[in-house]
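In what follows, a structure is listed as structure tokens, so that the remarks can point back to it.
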Amino acid sequence: MVAKMDANFDWHQGSDADSLADNLAGELVVKLSEAIARNGIAVMALSGGSTPKPLFKALADHDVDWSKVVITLVDERWVPETHELSNAAFMHRYLLDALPDSVRFVPLYQPAQSVVASYSAVLGNYCVATSSSMDAPRPFDIVILGMGGDGHTASFFPDADNVAELVDPASSSLLLTCESPTTQVPRITWSLPALLNTQFLALHFTGAEKRRVFEQACAGTDATELPIRSAIFQQQIPLQVYYAD
3 MVAKMDANFD WHQGSDADSL ADNLAGELVV KLSEAIARNG IAVMALSGGS TPKPLFKALA
63 DHDVDWSKVV ITLVDERWVP ETHELSNAAF MHRYLLDALP DSVRFVPLYQ PAQSVVASYS
123 AVLGNYCVAT SSSMDAPRPF DIVILGMGGD GHTASFFPDA DNVAELVDPA SSSLLLTCES
183 PTTQVPRITW SLPALLNTQF LALHFTGAEK RRVFEQACAG TDATELPIRS AIFQQQIPLQ
243 VYYAD
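If you want our numbering, it's the position in the sequence shown, counting the first as 1, plus 2.
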């Protein structure tokens with residue numbers, strides 16, 4: 003893997019999607035245990051989509067004190083959990099339903115007049131679950147990003163009207179809205195600074211096509227063109243890239 007000198011990532015390649023998921027799940031268990039030992043709580047932000055299904059299965063098979071773990075989403079389609087596009091419903095189906103009831107889950111969808119109007123309720127629920135305050139919400143311990151074929155990550159879509167805001171490392175917001183022709187419905191996402199404020203940042207993807215997208219992203223720096231660059235070239239924390247063909 004060749005990248006521009008200021009790229010900030012470590013490359014971890016698995017022999018196949020299942021072994022890659024096992025490797026990443028093992029690392030997550032270590033990070034969860036470290037966070038619990040350090041803070042008495044571990045906070046993990048996960049992505050939806052088809053790629054993490056084997057990761058979720060592998061993670062659920064591990065022995066973790068789930069009563070001390072808070073799980074939230076990196077981003078969400080702004081639809082109720084009963085909607086077929088809901089990431090929260092996906093998370094329940096493929097991970098949460100296999101975990102003890104004691105695990106805490108913070109969804110990003112809250113009914114309101116608009117996505118922006120829902121921010122305070124989302125943050126309020128997050129702060130209650132993480133025993134933190136609205137003035138100083140607890141940072142994440144683990145963030146697992148995905149990547150689309152268009153180079154998007156989280157809900158940072160290249161065709162969004164506010165893509166410059168979405169990939170802004172100096173954004174003062176914790177939550178942001180994304181609307182683009184690609185997304186079908188409005189989305190809510192943690193901001194780039196919120197996602198980078200973590201002890202462990204990983205990008206998990208599979209397949210030769212997405213590898214080509216990643217290599218293209220490594221060859222340039224304009225994050226509005228390929229938003230995954232906002233994670234590749236930031237200097238706050240090394241991005242751990244987990245990939246299999």
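Glycine included, C-beta positions come from ideal geometry on N, C-alpha and C.
Only residues of its own chain outside the window of five on either side were considered, and among them Ile73, Ile144 have a CB closer than 6 Å to the CB of Met46, listed in chain order.
When secondary structure is reduced to three states using DSSP, Arg140 falls in the coil class, being assigned neither helix nor strand. Membership of Asp20 in any beta strand (DSSP E) is not indicated; the residue belongs instead to the alpha helix (DSSP H) covering 19–41. Ser193 sits close to Leu176, with the two beta carbons spaced by under 7 Å. With a cutoff of 7 Å on beta-carbon distance, Thr53 and Phe207 are scored as near each other. Phe58 places its beta carbon less than 7 Å from that of Tyr96. Phe202 places its beta carbon less than 7 Å from that of Lys33. In the structure shown, Val215 falls within a helical segment according to DSSP collapsed to helix, strand and coil. With fewer than 16 other CB atoms across the displayed protein chains lying within 10 angstroms of its CB, Ser174 is exposed.
In this structure, the beta-carbon distance from Phe11 to Val243 falls below 7 Å. Across the set Gly126, Ala100, Pro102, Ala19, the C-alpha of Gly126 shows the shortest separation from the C-alpha of Pro109.
Look at Leu61 here: in three-state DSSP terms it is helix. Counted as a single uninterrupted DSSP element, the beta strand (DSSP E) harbouring Tyr244 occupies residues 241–246.
The DSSP assignment places 144–147, 177–180, 189–192 as complete runs of the beta strand (DSSP E) inside the segment 122–194, in order along the chain (cut-off: 3 residues). For Trp68, the three-state secondary structure derived from DSSP is helix. Between Leu205 and Leu178 a beta carbon distance of about 19 Å is seen, past the 8 Å cut, so the two are scored as non-contacting.
In this chain, the beta strand (DSSP E) harbouring His206 covers 202–208.
Counting the other Cβ atoms within 10 Å of the Cβ of Glu78 gives 16 or more, which makes it buried. By the beta-carbon neighbour count (other beta carbons within 10 angstroms, threshold 16), Trp13 is exposed. Taking C-beta atoms under 8 Å as the contact rule, Pro160 and Leu48 fail to qualify, at a distance of about 23 Å. For Gly42, the closest of Trp68, Glu217, Asp152 by C-alpha to C-alpha distance is Trp68. For the pair Ala23 and Ile239, the Cα-to-Cα distance works out to about 22 Å. A direct Cα-Cα distance of roughly 29 Å separates Ser122 from Arg231.
In the structure shown, Asp99 falls within a helical segment according to DSSP collapsed to helix, strand and coil. DSSP places Ala233 in the helix class (H, G or I) of the three-state scheme.
By the criterion of a C-beta distance shorter than 7 Å, Trp80 is surrounded in its chain by Tyr111, Val117, Val187, Pro188, Arg189, Ile190, once the five residues flanking it on both sides are discounted.
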